[in-house]
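In our numbering, the protein residues as written are 13 to 126. In this text, a Cβ means the ideal position worked out from N, Cα and C, and glycines have one as well. Just so we're clear, the structure is a prediction, and the values are computed from it rather than from any experiment.
Here's what the structure looks like:
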């Protein structure tokens, strides 16, 4: 079996901790690349995506902090529309600073609780 990368080990550790304390709350999962940032609210009990937002196709989109803030407000609006108020934040293997933190703060300002 191949050795896991540091990112993958951190991602599994975060996901395991979330499962222990999340209960039945949906999960706000964040993924970022060098060019884009993605967020989706996943209901693990049903195995479906409730809401999603990303920087794909937007004018002036990118993977900077301003784009992450916009994705945060978009995911909060989509969650309200779907009837989701509380979530658990799944940062994956990414550290909680910069773009990930900006997305989380914007989602909180938009009305999501976590």
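How far does the beta strand (DSSP E) with residue 100 in it extend, from its first residue to its last?
Where residue 100 is concerned, the enclosing beta strand (DSSP E) stretches over 100–102.
Less than 8 Å between CB atoms is the rule here; does residue 85 satisfy it with respect to chain B?
Given the protein chain composition of this structure (a single chain), no chain B is represented.
Taking the DSSP output, what are the residues bridged to residue 61?
Looking at the DSSP assignment, residue 61 forms a beta bridge with 54.
Assuming contact is defined by CB atoms lying nearer than 8 Å, are residue 57 and residue 91 in contact in what I supplied?
No, the pair does not count as a contact, with Cβ atoms beyond the cut-off.
Which residues in the same chain as residue 53 place their Cβ atom closer than 8 Å to its Cβ, once the five residues preceding and following it in sequence are excluded?
Around residue 53: 38, 39, 40, 41, 61, 62, 63, 64, 87, 90, 91, 94, 96, 99.
On a Cα-Cα basis, can you pick out the residue from 73, 29, 36 that is closest to residue 59?
Residue 59 has its Cα closest to that of 36, out of 73, 29, 36.
DSSP three-state label for residue 115, please.
Helix.
Check each candidate in 101, 34, 44 and name the one with the smallest Cα separation from residue 19.
When each option's Cα is compared against that of residue 19, the closest is 44.
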